[in-house]
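From first to last, the protein sequence lines are chains A and B.
At position 346 of the first sequence the residue is numbered 346 (the working numbering), and the sequence of numbers has no breaks.
At position 62 of the second sequence the residue is numbered 1062 (the working numbering), and the sequence of numbers has no breaks.
Take a look at the structure below.
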Amino acid sequence: MMRSSSSPNQPASGAAGDRDPAFPTVEKIDASCRGALMFLFTAALLWLALSSLFAVLGSVKMHAAGMLANVDWLTYGRVRPAAVDMFLYGFLSQAGIAAAIWILCRLGKVALVSGVTLIVGAVFWNLGVLLGVFGIFTGQSTGYEWFEFPQYAVAVLFVAYLIMGIVGLLTFAYRNERHTYVSQWFILAAFFIFPWLLSTAGLLLLVSPVRGATQAAIAYWFANGFLLLWLMPLALGIIFYMVPKVSNQLLNNHYLAVISFWSWLLTAGWSGIPVGARLPAWMPSVSTVASVLLLVPAVAMFINWRATWIKSPAKQEGGVAFKFISFAAFAFILWALAFAANFLPPVAQVVEFTLFGLAIAQLATYGVVAMAIFGAIYFIVPRIAGTEWIFGRVKGHFLFSVAGLVLIVFAWGVGGILQGTSWNNPLSDFMKSVRVAVPFIGIGTIGFLLLLIAHLLFLSNLVSVIRRCCTACCGSGKEARK
Amino acid sequence: MKSDAKKSVRNDESEPKASQTAAPVFIFVVLALLLYWGALHIDQYGGGFRKEVYAPFKSVKEVAKLHPKKSGDDVFERGEKIYALACAGCHQPSGLGSPGVAPPVAGSEWVLTPGPGRALLIAYNGLTGPITVKGTEWNLAMLAMGQQLGLSDEDLAAVLTYIRGNAAWGNNASAVTVEQVKAHRPTMDSRTQPWTAEELLKIPETE
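Here it is, written out as structure tokens:
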């Protein structure tokens, strides 16, 4: 009732009053998520911290190749994919699933169907990531980008995902609020597409590998789908939820959201094959068109978010989370532009196969997806754990994350362009193109160090939340016993 | 806003909904323009969706031009040119000949012999008198085309390779080498009259 006064756009039945008395209260819903989600978030954050440690090492190895080169499991070819996959599977996917399931509960006004089952799935998922990382470190990497985990790890991940995904889908199916909202569409799409990506790539690349150029096409399709049809939809679902939630407004435009959703879903899967890929020319050229067409949903979504949040100057208690969310929104539109440009033949001629591509991938996975997930975690955890964050550390996390990301994207972006220009210059020898990139890789290392600090702050903050949450529960129990 | 004063109690009940405003028209305009551009782009770079076209090439034609040819192909193409110049006027581009002008070379037993000798001699020194081709009797005269045009051994090998191996006509006899032509040179050069079918039949099929 308090809220409705501050948001003239809410329908008359809005605010606290729109809850059917038969539906569970938000407290009940959040409580149903507590155990499983805290498990998922904690595990995800551990992977995040570990991955940023190896990311620093991987980056250092790009300019100090000799360092630790005699320890085979710490060579560049293992450290870097291990760091990336811990980040993608250990952190982004895991925390993304958790945040998505919470959103499904909240929007469906329904308690989580089975927290225990979700925890079982989560345990298997972490086992899968652990096995995969172990496989990479022991030299069993498959060699496909973002899909380096060996076959046995992928199998475990697949089963683990099915368990978690089914919990999510059942929760959605049992929802009390029948009307659906755009966040649910994105999350559901991601939940259905992910097992398809994982199983198809697993079967066609690992179990009975297809031959020749088809292998490359499938590997591109997987990595592109993993970003655009799995991680991104989760992040977009989060942003679509958080923006109106924190601004306490209706989402500006329903139909625009419908258009964004369908145009994204129908276009994104066609992208991802680089202009210079050694595949029949129609494949990269269709990819180029798809990547440029993605600008339509990207711009449509950004307009929709912006029009929603500018209506509400006061961000209320979600302010901390909103910082991350709005950063993700800006990063998203910037990424969409860079991504489309990257696929235009004249641009690709310069930047393809340079550090530039890594910069764009970093902007997407970290700037958009991770930032959105950070925001979601900051928003969700106090609600399910009943304990507040230490705000100083959140601020520190935000600053270090932004600074680290900006350094990496800037350094790799500019370094990539210089590298490509040098490659294209017939008068310049190859070593020159390597040397020109070295200082930028150095700046990138500083960026990764900042990210490591940010993630340690985040982890320590979560540990403190959990400790206080536990003392609140068990402490009072002890008191009672005394 | 009283409830907001207390941090831990959150007034969270209302979940996001979307307002049912009409979508801005410009988004459709942009979409249409980009789709149009996309069609042009794929038309230019897509290689007609053919699996054998790779960037930087843009069409099958461009790729075919750059394909290294099989060694026989050059000879065949050269033969095609000579045939068009020296023979097609009477025997027709289709190789089917024409009543009252010339018998067919497509499917002719005079052409499809194991060795090229008989057809070679006809092509060089000409032919006169009755001849049976594919069961039909002809009685016309053919000029000494090869001699008149001064066709070289290479030219003769090429044109015979072309008529013998022309799959489009249904012919599939072996290619003719320059050496095979050279072997007949003395006969060709010493002959001053057109051949008759009778004389030619004395030459073994395999030569």
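Ideal placement from N, C-alpha and C gives every residue a C-beta, glycine not left out.
What span of residues does the alpha helix (DSSP H) with residue i cover, start to end?
{"i": "residue 171 of chain A", "result": "151 to 173"}
{"i": "residue 1187 of chain B", "result": "1178 to 1190"}
{"i": "residue 259 of chain A", "result": "254 to 268"}
{"i": "residue 1131 of chain B", "result": "Here residue 1131 of chain B belongs to no alpha helix (DSSP H); instead the beta strand (DSSP E) covers 1127 to 1133."}
{"i": "residue 342 of chain A", "result": "319 to 342"}
{"i": "residue 380 of chain A", "result": "371 to 385"}
{"i": "residue 453 of chain A", "result": "430 to 470"}
{"i": "residue 394 of chain A", "result": "391 to 424"}
{"i": "residue 1017 of chain B", "result": "Residue 1017 of chain B -> no alpha helix (DSSP H), and no H or E assigned at all."}
{"i": "residue 274 of chain A", "result": "Looking at the DSSP string, residue 274 of chain A is not in any alpha helix (DSSP H), and its letter there is neither H nor E."}
{"i": "residue 1164 of chain B", "result": "1153 to 1165"}
{"i": "residue 1168 of chain B", "result": "Careful: residue 1168 of chain B lies outside any alpha helix (DSSP H) and carries neither H nor E."}
{"i": "residue 288 of chain A", "result": "282 to 293"}
{"i": "residue 24 of chain A", "result": "No alpha helix (DSSP H) contains residue 24 of chain A, which DSSP labels as neither H nor E."}
{"i": "residue 1147 of chain B", "result": "1145 to 1149"}
{"i": "residue 345 of chain A", "result": "345 to 351"}
{"i": "residue 1200 of chain B", "result": "1197 to 1202"}
{"i": "residue 357 of chain A", "result": "355 to 362"}
Indicate whether at least one CB of chain A lies closer than 8 Å to the CB of residue i.
{"i": "residue 1124 of chain B", "result": "no"}
{"i": "residue 1046 of chain B", "result": "yes"}
{"i": "residue 1061 of chain B", "result": "no"}
{"i": "residue 1019 of chain B", "result": "yes"}
{"i": "residue 1075 of chain B", "result": "no"}
{"i": "residue 1051 of chain B", "result": "yes"}
{"i": "residue 1067 of chain B", "result": "no"}
{"i": "residue 1080 of chain B", "result": "no"}
{"i": "residue 1038 of chain B", "result": "yes"}
{"i": "residue 1055 of chain B", "result": "yes"}
{"i": "residue 1022 of chain B", "result": "yes"}
{"i": "residue 1111 of chain B", "result": "no"}
{"i": "residue 1041 of chain B", "result": "yes"}
{"i": "residue 1031 of chain B", "result": "yes"}
{"i": "residue 1207 of chain B", "result": "no"}
{"i": "residue 1015 of chain B", "result": "yes"}
{"i": "residue 1127 of chain B", "result": "no"}
{"i": "residue 1172 of chain B", "result": "no"}
In terms of residues, what are the limits of the beta strand (DSSP E) holding residue i?
{"i": "residue 1138 of chain B", "result": "1136 to 1142"}
Mind checking if residue i is an interface residue toward chain B, Cβ cutoff 8 Å exclusive?
{"i": "residue 280 of chain A", "result": "yes"}
{"i": "residue 285 of chain A", "result": "yes"}
{"i": "residue 378 of chain A", "result": "no"}
{"i": "residue 257 of chain A", "result": "yes"}
{"i": "residue 178 of chain A", "result": "no"}
{"i": "residue 337 of chain A", "result": "no"}
{"i": "residue 465 of chain A", "result": "no"}
{"i": "residue 181 of chain A", "result": "yes"}
{"i": "residue 293 of chain A", "result": "yes"}
{"i": "residue 346 of chain A", "result": "no"}
{"i": "residue 69 of chain A", "result": "no"}
{"i": "residue 38 of chain A", "result": "no"}
{"i": "residue 354 of chain A", "result": "no"}
{"i": "residue 26 of chain A", "result": "yes"}
Pull up the CB-CB distance for residue i and residue j, whole angstroms please, since I reckon it's below 8 Å.
{"i": "residue 104 of chain A", "j": "residue 187 of chain A", "result": "6 Å"}
{"i": "residue 465 of chain A", "j": "residue 368 of chain A", "result": "That belief does not hold up - the Cβ atoms of residue 465 of chain A and residue 368 of chain A are roughly 25 Å apart, past 8 Å."}
{"i": "residue 229 of chain A", "j": "residue 92 of chain A", "result": "Not quite, the Cβ-Cβ distance comes to about 14 Å (not below 8 Å), so this is no contact."}
{"i": "residue 377 of chain A", "j": "residue 65 of chain A", "result": "About 36 Å; that fails the 8 Å criterion."}
{"i": "residue 304 of chain A", "j": "residue 268 of chain A", "result": "18 Å between Cβ atoms; not a contact."}
{"i": "residue 416 of chain A", "j": "residue 63 of chain A", "result": "So it is not a contact: roughly 15 Å between Cβ atoms."}
{"i": "residue 1176 of chain B", "j": "residue 1164 of chain B", "result": "7 Å"}
{"i": "residue 240 of chain A", "j": "residue 251 of chain A", "result": "7 Å"}
{"i": "residue 275 of chain A", "j": "residue 321 of chain A", "result": "Actually they do not touch by this definition, with Cβ atoms about 38 Å apart."}
Next item on the list: Jot down the residue ranges of each uninterrupted alpha helix (DSSP H) in the region 62 to 141 of chain A, minimum 4 residues, whole runs only, in chain order.
Entry: 76 to 85, 94 to 108 and 115 to 137
Item checked: Contiguous alpha helix (DSSP H) assignments of at least 4 residues, all confined to the region 1027 to 1066 of chain B -> 1060 to 1066
Item checked: Ranges of the alpha helix (DSSP H) found wholly within the region 180 to 266 of chain A, counting only runs of at least 4 -> 182 to 201, 213 to 225 and 232 to 247
Note to self: Which residues of the region 243 to 254 of chain A have a Cβ closer than 7 Å to any Cβ of chain B? Give them in chain order.
What the structure shows: 244, 245, 250, 251, 252, 253 and 254
Check: For the region 80 to 106 of chain A, which residues have a beta carbon sitting closer than 7 Å to at least one beta carbon of chain B?
Finding: 106
Next item on the list: Could you please tell me which residues of the region 1129 to 1163 of chain B, in chain order, have their CB closer than 8 Å to any CB of chain A?
Entry: none
Margin query: Against chain A, which members of the region 1181 to 1202 of chain B pass a CB distance test of less than 8 Å?
Written below: none
Next item on the list: Using a Cβ-Cβ cut-off of less than 7 Å, list which residues of the region 114 to 134 of chain A approach chain B; keep chain order.
Entry: none
Item checked: Uninterrupted beta strand (DSSP E) stretches inside the region 1071 to 1114 of chain B (no shorter than 3 residues) -> none
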